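First residue of the sequence shown? That's 1 in this note's numbering, and the numbers climb one at a time after it.
Backbone N, C-alpha and C define an ideal beta-carbon position, used for all residues, glycine too.
What you are looking at is a predicted structure, and each value in this text was computed from that prediction instead of being measured.
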Amino acid sequence: MPRKACWPGVLNDPRGNGRACAVNSGNDFGIDDLVQPFQIEGLGIRGRVVRLGPLVDRVLTTHAYPEPVSRLLGEALALTALIGSALKFDGRFILQTQSKGPVAMLVADYEAPGKLRGYARMNEARVADAIRE
């Protein structure tokens, strides 16, 4: 399978071919929604930095989650964008967690090229109790 010339979710391709892509949830994307790979020559250090702004705001405000649930889903979206943008093929990465706690399920879905969405299922009464504690 050939490698992609442009990695979804990456603002600057580290191979230096000048192509740019960004994480987005449709046709519009901005500089605030990106995953940027980096490499420190000579030290053998490589990594990725994720910055999600309007995209995460749109996901979280659409569902009006309480603040602790929004924080959990935001972290899941950031992790999913990091891992999904590192895929060497056009595909999908889905992060799903399930628990018996106040937040029963978190789903974050990354689909190449750079589409990201998320959902949380929660018990509102148990979340409210956890916030009060």
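Problem - Beta-carbon proximity list for A104, same chain, < 8 Å, skipping 5 on both sides - result: Walking along the sequence shown from the start, residue 104 turns up at place 104. Cβ neighbours of A104 beyond the five flanking positions: Q98, R121, M122 and N123.
Problem - Cα-Cα separation, L71 to R92 - result: Translated into positions along the sequence shown, residue 71 becomes position 71. Translated into positions along the sequence shown, residue 92 becomes position 92. Checking the sequence shown, residue 71 turns out to be Arg, not Leu. Rounded to the nearest angstrom, the two C-alpha atoms are 23 Å apart.
Problem - Rounded separation between G112 and T80 - CA only - result: For the purposes of this step, residue 112 is taken as the residue at position 112 of the sequence shown. For the purposes of this step, residue 80 is taken as the residue at position 80 of the sequence shown. Residue 112 is actually Ala in this sequence, not Gly. The straight-line gap from Cα to Cα measures roughly 12 Å.
Handout entry: Reduced DSSP secondary structure (H/G/I, E/B, other) of P54
Key = Along the sequence shown, one-based indexing puts residue 54 at 54. P54 falls in the helix class under three-state DSSP.
Handout entry: Other residues of its chain near G74: CB distance less than 7 Å, five sequence neighbours each side excluded
Key = In the sequence shown, counting from the first residue as 1, residue 74 sits at position 74. Here the set comprises V56 and L60.
Handout entry: Endpoints, the beta strand (DSSP E) within which I31 is located
Key = Within the sequence shown, the letter at position 31 stands for residue 31. Per DSSP, I31 belongs to no beta strand (DSSP E) and is neither H nor E.
Handout entry: Through-space distance from P102 to R126, alpha-carbon basis
Key = Locating residue 126 in the sequence shown gives position 126, counting from the first residue. Locating residue 102 in the sequence shown gives position 102, counting from the first residue. Distance between the alpha carbons of R126 and P102: 5 Å.
Practice task
Please classify G26: is it buried, with 16 or more other beta-carbons within 10 angstroms of its beta-carbon, or exposed?
Solution key: Here the question's residue 26 lines up with position 26 in the sequence shown. Caution is warranted here: a pLDDT of 47 is assigned to G26, below 50, making its placement in the model unreliable, and no coordinate value can be reported.
Exercise for the section: Determine, using beta carbons only, whether L95 and A108 come nearer to each other than 7 Å. Expected result: Taking the sequence shown and counting its residues from 1, one reaches residue 95 at position 95. Taking the sequence shown and counting its residues from 1, one reaches residue 108 at position 108. Cβ distance < 7 Å, so L95 and A108 count as in contact.
Practice task
Report yes if the C-beta distance between R51 and L77 is below 7 Å; otherwise report no.
Solution key: Along the sequence shown, one-based indexing puts residue 51 at 51. Along the sequence shown, one-based indexing puts residue 77 at 77. In this structure, L77 does not lie closer than 7 Å to R51 by Cβ.
Exercise for the section: Leaving aside the five residues before and after E67 along the sequence, list all residues of the same chain whose C-beta is less than 6 Å from its C-beta, in chain order. Expected result: Looking up residue 67 in the sequence shown gives position 67. Cβ within range, chain order: n/a, list empty.
Practice task
Would you identify the three-state DSSP class for G101, choosing helix, strand or coil?
Solution key: Walking along the sequence shown from the start, residue 101 turns up at place 101. Coil, per DSSP.
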